[in-house]
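As you go down the protein sequences, you meet chains A and B in turn.
Residues in the first sequence are numbered from 1 upward in steps of one, following the working numbering.
Residues in the second sequence are numbered from 1001 upward in steps of one, following the working numbering.
Every residue, glycine too, gets a C-beta built ideally from N, C-alpha and C.
See structure below.
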Amino acid sequence: MSFINYYQKEKILRRIFLTLMFLFLVINSFPIFWMGFCSIKNNNDILSGNVGFSKARTDVIGMEVDEDSIYVFSQDGAISEYDLKTKEAIGRVKVRGRDVNYYFGNENIYLVNSTKGIFKINRENLKIEAKTPNPITGVDTNRFGNTSVVAYDDVVIFSVELRGMHKLFIYDNETLELKRTVRLPMDSDGLIKSLYVNDDSLFVGTNKDIIALDKKTFIEKNKIYLGDNYYAAGVQQIERIVGNEMILLVNNGVYFIDIAAGAVIAKKDYGINLFEDIMIKGANLYIVSPLGVKVVNMFTEEEILNNDTLVRELADGVKVNLKSDYTSSEATRIATNGYEYYIGSSYGRVSFLKDIAAKPYDSIQLPLGHRLIMFQNYADLWKNIDFGLYLKNSLIISGFTMLFAMILATLASYSLVRFSFPGNKFFGVSILATQMIPQIMYLIPIFIMFKWVNDVTGISVKGTHAGLVFIYTAFFVPFSIWILRSFFASIPVELEESARVDGCNALQVFLKITLPLAVPGIVATGIYIFLMAWDELMFAWVLTEGTTLTIPIGIRLFVGNYQNRYDLMMAAATVATMPVLILFFLLQKHIVKGLTAGAVKG
Amino acid sequence: MEAQVTRTKLQSIKYYYSKYKIAYYFILPTAIAMLLMHFIPIVQGFYMSLLRLNNFTLNQYLGAPFVGFGNFYDVMINPASPMRIGIYDAIRNTVIYSFLVTIGQTAVGMIVALMMNYDFKGRGLVRTLFMFSWIVPTYVTGILWGFMFQQSIGIVNIILVDWLHLLSSKPFWLVGMNTIWAIIIPTIWRFWPFSMLMLLAGLQNVPQSLYDAAKIDGASKWKTFWKITWPMMSPVWMILVLFGMIYNTYSFNIVIMMFGNGAGFPGRWGDLMMTNIFRNSFMRWDFGAGAATSVLLLIVMVILVNFWYKHYKKTEEIF
């Protein structure tokens, strides 16, 4: 009658069942996947609701013009060389990193970033000839600000904008070996912002002042105080006008200083909110702000040109990402070779202008940057919080709890199963009854008791490993006994009886006959205790402090301090999950067997 | 006469001791541990619920002022007491939470256990993968789901609104009435694999002959489940319901970690009894109120468990 017989129907049903199950498996596993996935994401991606990995921005951070080519430095750490005539890419080198900066020397380019360190790159063929890691280790890379580098004679000088870091790192310019470090005379809250070198001095721009150093000895020659108002910005850029006159760019203005006299000549505002870059050409000062370019005569203060809309127009339609989102970009840098002008802007656009007043006649677009996959979050996590200590504490506490609870539970459950001594029933019931009592009802008296013990005897139980191990042992023993009872019950009594007949005493029977048979159950129980101790939050919250903090408490404190660092939060969550997940994966057969035996028979 | 009785009592103690010496030795460490960490604290806990034990009287230990049932009055009735704030919200939330989570984890566990009872390739691996959500520590569960439930950047809203277009605008999960769902769903997610494991073991113990008989009688699958599988497994799922009831009523980690890691208040629809007691005790430093609330919680739990036990006895007798 029907085309589908019974077996076919079963088969179809089964297929539907399995499909549904795998679908559910995917959904159920998703949060764990998402945790791991977000732990290697860039926090900005998370905060902007971007589900995938975005690509690094390629904002132009510098341009250098050679005879017939232009080197474009971008924020993602790439150097691209373009032919000035054909506008075609000649060479390209990429160093993934953040806080990128460079020094353009006669033969070599020194490219630095806070994640990967210092690279010496040949100017001709763009080959990396030497590299050395960032000398500052142990600091979350998110805390680094700007990096700076200059090279002269036979040294390369590297500095990082980082609170409390007042050092210059001096490297050999060929091998990039660290030769020495120089501590700068700075206030405790000083930040190194920029470096500049000229014929006779090395200049360090900070958030408050500019320091002139001797090029060989690094001894302070002069220092010009600029004021505390520039805390956030500081000296972004230092250029030389002529002789001893220098020009400094700070966030919202330009300083003219006389370095020999050690005095500020003038401070000009020019009515621009945000300065990106300045360039001096003859008597003209070219100022780049996100909106465009302004040209003023430095001496007469006459405004020659204010080209605000120009860059808006020229940078329209810049591709932001793979999803073909387009935006306009903002001007960041200016350069010239004397005949024409180059304006670099965000998202990697470089525009060519014959005349600064005219529209650009051509432009080039840098390729998108690398994907921001941040395995580095884990390294940052370990630098931010003392995760090693928490891990150690958790392992010690969970491990010893497991050991002691296993011993206690094995002995107790064996005695409960095998001997019907007076009090057996009472003990069995009270073990189950303890499971009914809310844990906080123990915690309050224990907390006050420990405090009292400390007041009276001076012995501090709170904040020690032993105290917590003891409490955990006492708490996890009843449940362990409950699981283990069924194991011992399943071991035949006849075996023990025959051993007794052969002349073993009770202890020997237990040690030689019963215990070996119960090992799988004991192991399963032990792992389960370990998992429970690893998971315990409330007691550890109240009863640990300082050096005994366990992972849950460490994570709790960490998350409280870094509310918006979801990337690190997920990395911490992943690190806390991985040990138990691996443990479970390796030993799951034992755990499953142990738990189900207890449930079904008990 | 009296002396004789005493002697025989003594003799009987000696007899039992010599007979069960090893049993007593074996149980002694556990007994001591439980005496120190269960019995003594519990007795003190009951007594502390009758004391005005707060930050100022903490040093007096058990000598703190005795206020009788004052703490209970403060916690439950006194409208002027700060300890009473949110207690009824917490009670309501705990009842809803405990009930729905227990049902949810048993139901999901049962459905997946039935699916897993089929024999197919890679069953062991699938079971292990299912178990993974049970291995994730509860505090991580709280952080993770709290992150996933974020209003604008959380993946839950991105999936529901941006991808599936099920809702027109992104709801707030961690604010307002939705909070109760935001704490129920992660808890079910965390605990159902345990139910599945137990139920699967129970399923495999149901004799095949019963199913064969049902098949011969022409019973539908639906009927077979409700008439054979479900009753045959009642010892298993009843134990699960008991444990679910107890553990979920005393649930703490997930909720506390989801909202500002303990510093934040879970809100009127997210606060549970345990978070309430913990806040009163270790943030407002009123241990008397905390102890009183936990005593009330314990009394309710004892009544519930007693009720459960009577029912359990009945099913035990039938099978």
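| query | result |
| --- | --- |
| Separation of M1116/B from L1200/B, as counted between CA atoms | 7 Å |
| Residue ranges of each alpha helix (DSSP H) within the stretch 40-81 of chain A, 4 or longer | 43-47 |
| I118/A: first and last residue of the uninterrupted beta strand (DSSP E) it sits in | G117 to N122 |
| Cβ neighbours of K425/A in the same chain (closer than 7 Å, five flanking residues each side left out) | none |
| Host alpha helix (DSSP H) of N297/A (start-end) | That residue, N297/A, is in no alpha helix (DSSP H); its beta strand (DSSP E) goes G292 to N297. |
| Three or more C-beta pairs below 8 Å linking the stretch 1091-1104 of chain B and the stretch 5-16 of chain A | no |
| Among F158/A, D153/A, K11/A and Y152/A, the one whose alpha carbon lies nearest that of K131/A | F158/A |
| Span separating the alpha-carbon of Q1044/B from that of P1193/B | 37 Å |
| Burial state of P360/A, where buried means 16 or more other Cβ atoms lie within 10 Å | buried |
| Nearest neighbour of F24/A, chosen from W1189/B, G1124/B, A1182/B and Y1118/B [CA to CA] | W1189/B |
| CA-to-CA distance, T1293/B to R14/A, given in whole angstroms | 51 Å |
| Contacts that Q1151/B makes with chain A (C-beta to C-beta distance below 7 Å) | Going along chain A, no residue has its Cβ under 7 Å from Q1151/B, so there is no contact; the nearest lies around 10 Å. |
| DSSP three-state assignment for L274/A, whether helix, strand or coil | coil |
| Which residues DSSP lists as bridging M246/A, in chain order | R240/A and I257/A |
| Nearest candidate by alpha-carbon position, reference I1040/B, set I448/A, L543/A and E497/A | I448/A |
| CB contact below 9 Å: S1281/B versus chain A | yes |
| Y1020/B classed as buried or exposed, judged by whether at least 16 other C-beta atoms fall within 10 angstroms | buried |
| Cβ neighbours of F53/A in the same chain (closer than 8 Å, five flanking residues each side left out) | K41, N42, D45, R371, L372 and I373 |
| Proximity test, Cβ basis, 9 Å: N28/A and chain B | yes |
| Test: K1310/B CB closer than 9 Å to a CB of chain A | no |
| Buried versus exposed, by CB contacts within 10 Å (16 or more), A1213/B | exposed |
| Three-state secondary structure assigned by DSSP to S609/A | Here chain A comprises residues numbered 1 to 602, so residue 609/A is not present and cannot be evaluated. |
| Cross-chain neighbours of I1299/B in chain A, by beta carbon under 7 Å | Under the 7 Å cutoff, chain A gives no residues; its nearest Cβ is about 11 Å from I1299/B. |
| Simplified DSSP state of M1232/B, which is helix, strand or coil | helix |
| Burial state of P1186/B (16 or more Cβ within 10 Å) | buried |
| Cβ pair count under 8 Å reaching 3, the stretch 57-65 of chain A against the stretch 339-349 of chain A | yes |
| Expected contact under 8 Å - CB spacing of E239/A and I280/A to nearest Å | 6 Å |
| Element boundaries [alpha helix (DSSP H), containing I1087/B] | I1087 to M1116 |
| Distance, L226/A Cα to K193/A Cα | 13 Å |
| From Y1017/B, M1148/B, F1130/B and Y1016/B, residue whose alpha carbon lies closest to that of N28/A | F1130/B |
| Residues that DSSP places opposite S194/A in a beta bridge | G205/A |
| Limits of the alpha helix (DSSP H) - the one that T410/A falls within | F387 to R418 |
| T327/A (DSSP reduced to helix, strand or coil) | strand |
| 7 Å CB neighbourhood of S1133/B in its chain, flanking five on each side removed | W1189, R1190 and P1193 |
| Status (buried if at least 16 other CB within 10 Å, exposed otherwise) for E161/A | buried |
| Inter-residue Cα distance where the pair is F647/A and I210/A | Residue 647/A is absent from the model: chain A starts at 1 and stops at 602. |
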